[in-house]
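> I have a structure I would like to understand better, so I am pasting it below and will then ask my questions one at a time.
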Amino acid sequence: MSQLIHHSKLMVYRFSIGTSRNGRFLSTGPDKSSGPNDFAKTDKVEEAETVELPPPPTEKLLVLGGNGFVGSHICKEALNRGLTVASLSRSGKSSIQESWANSVIWHQGNLFSTDSWKDALKGVTSIISCVGGFGSNSEMYKINGTANINAIRAASEEGVKRFVYISAADFGVVNYLLKGYYEGKRAAETELLTRYPYGGVILRPGFIHGTRHVGSMKLPLSVIGSPLEMVLQHAKALTQVPLVGPLLTPPVSVNAVAKVAVRAATDPVFPPGIVDVYGILRYSQQR
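See the structure below:
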């Protein structure tokens, strides 16, 4: 009698496994297993293959400063991933004569005047800001800080889900020489982390190398940057040396920055917060 009760319980258990797995009845008959491990084989769950799917067609990325050195590479990377890409800058359309540039929606606007570019936010799900520049301390704070703060606030109010900011690594004594530049960058970072605690990502690259367009000329910055990157990325301990250590921060390619920026802007599981040079190098090597 006890064996019959035990056998009935086993049948019910097998039926619950079958129905909870795929909603269909797997077996109604008695257990036909002859060995002690056959039941475990029946309950085996096969590992599903991970397939990288293209982003949904409703995904729209706005690149602030998309006609610049870093911004243009970000636009190209995003288009290669199947995103709808728009760019906002003071000059509007890029002068780059390449086929991919024809697929970008170019907007002209001024970040200091929200009314001049608010239409560019329509339908945007994520933003990458490459806005920055040099000049006097007050000018640098305004370009690197105020302009980006305005953009972050406008994006937050419009309901944009994710915001990625291309900032800069600390270079020790250089920070004091470019006080307005770094103070502006850090002010923008603070605003981003406040407004986007779960969807804000800050990339802090050092020297960015790659092919830079200057008018009709192409400057191959990788000739210098690439060898330095190979050497210095393995000398992280040297960056802790007082005063001169931060100057040994390894360069990073513009393609690596673009790849990580687009991923950070579109991948909802990409961790928010600050990504340093070594993090950029690590993420760029992942598929």
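Numbered per the UniProt record's numbering, the sequence shown spans residues 1 to 287.
Note that the Cβ used here is the ideal one computed from N, Cα and C, for glycine as well.
In the DSSP assignment, the alpha helix (DSSP H) including F69 goes from what residue to what residue?
69-80
> To which residues of the same chain is P227 closer than 6 Å at the C-beta, ignoring the five residues directly before and after it?
Bear in mind that the predicted position of P227 carries a pLDDT of just 42, short of 50, making it too unreliable to give a figure here.
> Going by DSSP in three states, I105 sits in which element: helix, strand or coil?
strand
> Could you check the C-alpha separation between E191 and G180 for me, to the nearest Å?
Near 16 Å, if we compare the C-alpha coordinates of G180 and E191.
> Once the 5 residues before and after E77 are set aside, which same chain residues still bring their CB inside 7 Å of it?
A258, K259, V262
> One question on the structure: do L62 and V164 come within less than 8 Å of each other, judged by their Cβ atoms?
no
> Going by DSSP in three states, Y278 sits in which element: helix, strand or coil?
helix
> Rounded to whole angstroms, what's the CA-CA distance from N67 to E157? Just pull it up for me.
About 25 Å.
> Within a Cβ cutoff of 8 Å, which residues of the same chain sit near G206, ignoring the five residues on either side of it in sequence?
A168, A169, F171, T249, P250, P251, V252, V277
> Between the beta-carbon of H107 and the beta-carbon of W117, is there less than 8 Å?
yes
> Mind listing, in chain order, the continuous beta strand (DSSP E) runs of no fewer than 3 residues lying wholly within the UniProt domain "NAD(P)-binding" (65-208)?
84-89, 105-108, 126-129, 162-166, 200-203
> Are the CB atoms of I280 and A256 nearer to each other than 8 Å?
yes
> Let me know the secondary structure DSSP gives V257 once reduced to three states.
Note: V257 maps to helix in three-state DSSP.
> Take P36 and list the residues in its own chain whose beta-carbon comes closer than 8 Å to its own, dropping the five residues that flank it on each side.
Its pLDDT being 48, under 50, P36 is placed unreliably by the model, and the measurement read from it follows with that caveat. Closer than 8 Å at Cβ, skipping near neighbours: no residue.
> Here's a check: name, in chain order, each residue in its chain whose Cβ is nearer than 6 Å to the Cβ of V85, leaving out the five neighbours to either side.
L61, C75, A78, L79, V104
> With the cut-off set at 8 Å, would you say S129 and G65 are in Cβ contact?
yes
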